[in-house]
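K.L.:
There's a structure below that I have some questions on.
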């Protein structure tokens, strides 16, 4: 029997580590967090020193039971969850659960951390156990309590003042503010016209181009010429002065060094993977997690390929640096190895210098040598990590920039620049990506022919080009992560979840690779910025993060920090609950007057989303409402387009004795006949579609519905259906799988009942779920009696667990608002 129990977070890591430690160890996974705050009011009690009430996370109860069972027979227990704040908290929660059950009596409890999953690192870590770091646990609990208190108290205010079902998060809200403010900058931007003048030169050795830098003896700047007439006049003056050639007046050559970028932190990995690979932050962390936990490399077995991927540090261990320097000498020559290892200074205020940057666990495992064992995404990310780490320890690149001034007469000067690589250094391996290119970047790689002062260079032509200034770009994921890091908002482990929350809550959407705030997101941000200014302020949020980091370093106590935050926040929330009405949300915009009724037309956020309205609640007649179409915004819609929306629904005529109409709903334009609704295609204009096309779409929808049902069973809710991913079984509540070797249409009632019991998972609306049809109790009883003798039904849940679930369901029905608010508090925390 194994003597030792070691607990990690993921099953993949457990499997790998178990091979390294041998038969004396049982290695089990917690599957992430095992406890969380109870989902109701009072889970954090400010009156009792912010005491926190925890409960087991239901989906992980079975994993906790497995850990508890193994702990009973183990001689000692090792906690090896991830080496960060969340990992420390998970270890603490597991220890608390085992302590409450009396399973730690007389047994040593040891905490170890693995920054890489390799045999050497695991064995080394096992020789350096420690106790649970209370300061890290306190910092995590403080963050969790703050997120809970903000979400639980602020979200209901949003429900009452803006729209039901909204949520506000402590870090999510400032991030949303960034996206919204950028959108407002773009909308307010006024383009300015300007003109540039260039020359194309026909040198015998190599043609090249030059830009005007002096006009009429004065420095030529961006807005020196702002109209076409002036540009053409200047072009003609220069052309006349040049008389077919430009004269070289000065040639300057300058050599410079460019240092490599430091190895990756979590933030820079997310940014670079977005720029170079097109990965989302979430995908980057998922792929990195797999590389960290271990990949099977043929005979070598399973091994972690990169070090821990949640870190602020840019340090590398001495062993890693030594190995990287050997690889550089071997593959790129000794001239590429600096005399001393390169060192870097971290920008993060709370970087844990004991941690390392993200690096390959062995630089000897080149991307080419492991490529065949990896998926395409794993290969690309590993190559990025390997190249960045190796390049960080190489010599700088040596670049030579040549700048040439060429005169047209005595009053006009052009300049041409080119940069060549004298010695590639680290550029032989890796070059950091950039969001925007500078003029210097454009010169790189451009070669100029050999030129000397006094030389006459034939002129091919002079051209004037029109330009317009561009608005600031929307945030990409890389740019948003960079901005959050620069402001000190959030921490590396939270960036991916912040972004996912904004998208999931539909506060922002992706337009190409950039964030565009939705109308609801803008309304939420405007409301919070107007009435809870301090709590979406970038500096305030950053200072709070610094204070929480101070707790993690043991420099500050967490309860006094909570007290300083809570009192003014609670007072402001209570004040706003009483003093504001819905009109204070700032989500309404007047568009003008309806010419037919003479009433005001406004665009606003309604209960079901963005809409336009004719009239007000103070009028005798009820206001008229119309939902916006996809792509329309309450912040930009015109009066004309708003009034068009009230032309809906349009009656198109009759088909099969039923009226056919077209309208616009919450999910876009649709055609309707009887009880059948069919969404219009992108190419269909709801204001122009005719009866024939509407009927075509409706009948196409009905045909799909008819073909969806493969088989039904009288007296049962179960159906065999065609889905997006093939045939499946459903009773409206559960969806079950069909074996590949069975013909769906030949399944019997007994077989589908058995399959549903064995493979059934809760059906999700919009993913093939069918609303169960209510039947008489007698029919249900008969069906259940028929199925009762079959042993294939799922095992009956223990009475205690069933009672617990029933209590949870009852609580959810009793206070749905509170449960939703509790869910909202997790928005800023890493997903469990």
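Residue numbers (the UniProt record's numbering): 1 to 832.
Backbone N, C-alpha and C define an ideal beta-carbon position, used for all residues, glycine too.
All figures in this text were calculated on a predicted structure; none of them were measured in a lab.
Please tell me whether residue 38 and residue 48 are closer than 7 Å, where the distance is taken between their beta carbons.
P.N.:
Here residue 38 refers to the residue found at position 38 of the chain shown. Here residue 48 refers to the residue found at position 48 of the chain shown. No. Outside cutoff.
K.L.:
For the beta strand (DSSP E) containing residue 462, name the first residue and the last one.
P.N.:
By 1-based counting over the chain shown, the position of residue 462 is 462. Per DSSP, residue 462 belongs to the beta strand (DSSP E) from 456-468.
K.L.:
Count the other CB atoms, across all protein chains shown, that sit within 10 Å of the CB of residue 99; report buried if there are 16 or more and exposed otherwise.
P.N.:
By 1-based counting over the chain shown, the position of residue 99 is 99. The residue in question, residue 99, is exposed, as its Cβ has fewer than 16 Cβ neighbours within 10 Å.
K.L.:
Should residue 281 and residue 509 be called a contact, given that it needs their Cβ atoms to be closer than 7 Å?
P.N.:
As a first step, residue 281 must be located in the chain shown, where it is residue number 281. As a first step, residue 509 must be located in the chain shown, where it is residue number 509. No, the pair does not count as a contact, with Cβ atoms beyond the cut-off.
K.L.:
Quick one: is residue 461 buried, meaning 16 or more other Cβ sit within 10 Å of its Cβ, or exposed?
P.N.:
Locating residue 461 in the chain shown gives position 461, counting from the first residue. Residue 461 should be labelled exposed.
K.L.:
Report all residues from its chain with a CB closer than 8 Å to the CB of residue 301; omit the five preceding and five following residues, and keep chain order.
P.N.:
Counting from 1 along the chain shown, the entry for residue 301 is found at position 301. Cβ within range, chain order: 19.
K.L.:
Using the Cα positions of residue 761 and residue 734, report the straight-line distance between them to the nearest angstrom.
P.N.:
Indexing the chain shown from 1 puts residue 761 at position 761. Indexing the chain shown from 1 puts residue 734 at position 734. The straight-line gap from Cα to Cα measures roughly 5 Å.
K.L.:
How many Å lie between residue 637 and residue 666 at the Cα?
P.N.:
Stepping through the chain shown from its first residue, residue 637 is reached at position 637. Stepping through the chain shown from its first residue, residue 666 is reached at position 666. So the alpha carbons of these two residues sit roughly 17 Å apart.
K.L.:
Which word fits residue 608, buried or exposed, when buried means at least 16 other C-beta atoms lie within 10 angstroms of its C-beta?
P.N.:
On the chain shown, residue 608 is found 608 positions in, with the first residue counted as 1. Exposed, by the Cβ-count rule.
K.L.:
So what does DSSP say about residue 728, is it helix, strand or coil?
P.N.:
Counted from its first residue, the chain shown places residue 728 at position 728. Note: residue 728 maps to strand in three-state DSSP.
K.L.:
In angstroms, rounded to a whole number, what distance separates the CA positions of residue 192 and residue 517?
P.N.:
Along the chain shown, one-based indexing puts residue 192 at 192. Along the chain shown, one-based indexing puts residue 517 at 517. So the two alpha carbons sit approximately 25 Å from each other.
K.L.:
Touch check for the segment 167-187 and the segment 527-546: three-plus C-beta pairs under 8 Å?
P.N.:
As far as the Cβ criterion goes, the segment 167-187 touches the segment 527-546, which means the pair count is three or higher.
K.L.:
Between the segment 266-285 and the segment 231-250, do three or more beta carbon pairs fall short of 8 Å?
P.N.:
Too few Cβ pairs lie closer than 8 Å, so no.
K.L.:
Rank 688, 264, 107 and 365 by C-alpha distance to the C-alpha of residue 315 and give the top, closest one.
P.N.:
Along the chain shown, read from residue 1 onward, the residue named residue 315 stands at position 315. It is 264 whose Cα lies nearest to the Cα of residue 315.
K.L.:
Given 8 Å as the limit, is there contact between the segment 379-389 and the segment 208-225, that is, 3 or more CB pairs closer than that?
P.N.:
They do not touch, by the three-pair rule.
K.L.:
Please state whether the Cβ-Cβ distance between residue 248 and residue 450 is less than 7 Å.
P.N.:
Numbered from its first residue, the chain shown carries residue 248 at position 248. Numbered from its first residue, the chain shown carries residue 450 at position 450. Cβ distance not < 7 Å, so residue 248 and residue 450 don't count as in contact.
K.L.:
Suppose you measure from the CA of residue 14 to the CA of residue 497; what does that come to, to the nearest Å?
P.N.:
Stepping through the chain shown from its first residue, residue 14 is reached at position 14. Stepping through the chain shown from its first residue, residue 497 is reached at position 497. Distance between the alpha carbons of residue 14 and residue 497 is about 25 Å.
K.L.:
How far does the alpha helix (DSSP H) with residue 46 in it reach, from first residue to last?
P.N.:
If you number the chain shown from 1, residue 46 lands on position 46. Careful: residue 46 lies outside any alpha helix (DSSP H) and carries neither H nor E.
K.L.:
In whole angstroms, what separates the C-alpha of residue 414 from that of residue 464?
P.N.:
In the chain shown, residue 414 corresponds to position 414, counting from 1. In the chain shown, residue 464 corresponds to position 464, counting from 1. Rounded to whole angstroms, residue 414 to residue 464 spans 13 Å at the Cα level.
K.L.:
With the cut-off set at 7 Å, would you say residue 85 and residue 149 are in Cβ contact?
P.N.:
Mapped onto the chain shown, residue 85 falls at position 85. Mapped onto the chain shown, residue 149 falls at position 149. No, the Cβ-Cβ distance between residue 85 and residue 149 is not below 7 Å.
K.L.:
Within the continuous alpha helix (DSSP H) that includes residue 368, where are the two ends?
P.N.:
As a position in the chain shown, residue 368 is number 368, starting the count at 1. Note, residue 368: alpha helix (DSSP H), 367-370.
K.L.:
Enumerate in chain order the residues of its own chain whose CB-to-CB distance from residue 650 is below 7 Å, with the five nearest sequence positions on each side excluded.
P.N.:
Reading the chain shown from its first residue, position 650 is the one you call residue 650. Correct list, in chain order: 661 and 662.
K.L.:
Output the distance between the C-alpha atoms of residue 469 and residue 226, rounded to the nearest integer angstrom.
P.N.:
Stepping through the chain shown from its first residue, residue 469 is reached at position 469. Stepping through the chain shown from its first residue, residue 226 is reached at position 226. Roughly 11 Å separates the two Cα atoms.
K.L.:
Please report how far the alpha carbon of residue 400 lies from the alpha carbon of residue 423, in whole angstroms.
P.N.:
Translated into the one-based positions of the chain shown, residue 400 becomes position 400. Translated into the one-based positions of the chain shown, residue 423 becomes position 423. For residue 400 and residue 423, the distance between alpha carbons rounds to 9 Å.
K.L.:
Would you call residue 617 buried or exposed, if buried means 16 or more other Cβ atoms sit within 10 Å of its Cβ?
P.N.:
Here residue 617 refers to the residue found at position 617 when the chain shown is read from its first residue. Flag for residue 617 reads exposed.
K.L.:
Are the beta-carbon atoms belonging to residue 712 and residue 676 less than 7 Å from one another?
P.N.:
Start at 1 with the first residue of the chain shown, and residue 712 comes out as number 712. Start at 1 with the first residue of the chain shown, and residue 676 comes out as number 676. Against a cut-off of 7 Å, the Cβ pair of residue 676 and residue 712 comes out as no contact.
K.L.:
Mind checking whether residue 718 and residue 695 have CB atoms under 7 Å apart?
P.N.:
Here residue 718 refers to the residue found at position 718 of the chain shown. Here residue 695 refers to the residue found at position 695 of the chain shown. No, the pair does not count as a contact, with Cβ atoms beyond the cut-off.
K.L.:
Count the other CB atoms within 10 Å of the CB of residue 323; is the residue buried (16 or more) or exposed (fewer)?
P.N.:
As a working mapping, residue 323 is identified with position 323 in the chain shown. Buried.
K.L.:
Figure out for me which residue from 447, 643 and 504 has the closest Cα to the Cα of residue 205.
P.N.:
Here residue 205 refers to the residue found at position 205 of the chain shown. Out of 447, 643 and 504, 447 has the C-alpha closest to the C-alpha of residue 205.
K.L.:
Helix, strand or coil for residue 242 per DSSP?
P.N.:
Position 242 of the chain shown, counted from the start, is the residue given in the question as residue 242. Helix.
K.L.:
In three-state terms, what does DSSP make of residue 739?
P.N.:
Indexing the chain shown from 1 puts residue 739 at position 739. If DSSP states are grouped into helix, strand and coil, residue 739 belongs with coil.
K.L.:
Compute the beta-carbon to beta-carbon distance between residue 573 and residue 163, rounded to the nearest angstrom, for a pair I have assumed lies under 8 Å.
P.N.:
As a working note, residue 573 is residue 573 in the chain shown. As a working note, residue 163 is residue 163 in the chain shown. The Cβ separation is near 18 Å, so there is no contact.
K.L.:
Do you know offhand how far residue 781's Cα is from residue 722's?
P.N.:
Taking the chain shown and counting its residues from 1, one reaches residue 781 at position 781. Taking the chain shown and counting its residues from 1, one reaches residue 722 at position 722. Per-residue confidence for residue 781 stands at a pLDDT of 35, beneath the threshold of 50, marking its modelled position as unreliable; the derived number appears in the next sentence. If you take the alpha carbons of residue 781 and residue 722, they lie about 28 Å apart.
K.L.:
Less than 8 Å between the CB atoms is what I'm expecting for residue 556 and residue 545, so what's the real figure, rounded?
P.N.:
For the purposes of this step, residue 556 is taken as residue 556 along the chain shown, with counting starting at 1. For the purposes of this step, residue 545 is taken as residue 545 along the chain shown, with counting starting at 1. Their Cβ separation, rounded to whole angstroms, is 13 Å, which puts residue 556 and residue 545 out of contact at 8 Å.
K.L.:
In the DSSP assignment, the beta strand (DSSP E) including residue 409 goes from what residue to what residue?
P.N.:
The residue given as residue 409 occupies position 409 in the chain shown. Unbroken run through residue 409: none, as it is neither H nor E.
K.L.:
What is the DSSP secondary structure of residue 557, reduced to helix, strand or coil?
P.N.:
The residue you call residue 557 lines up with position 557 of the chain shown. Three-state DSSP puts residue 557 in coil, outside helix and strand.
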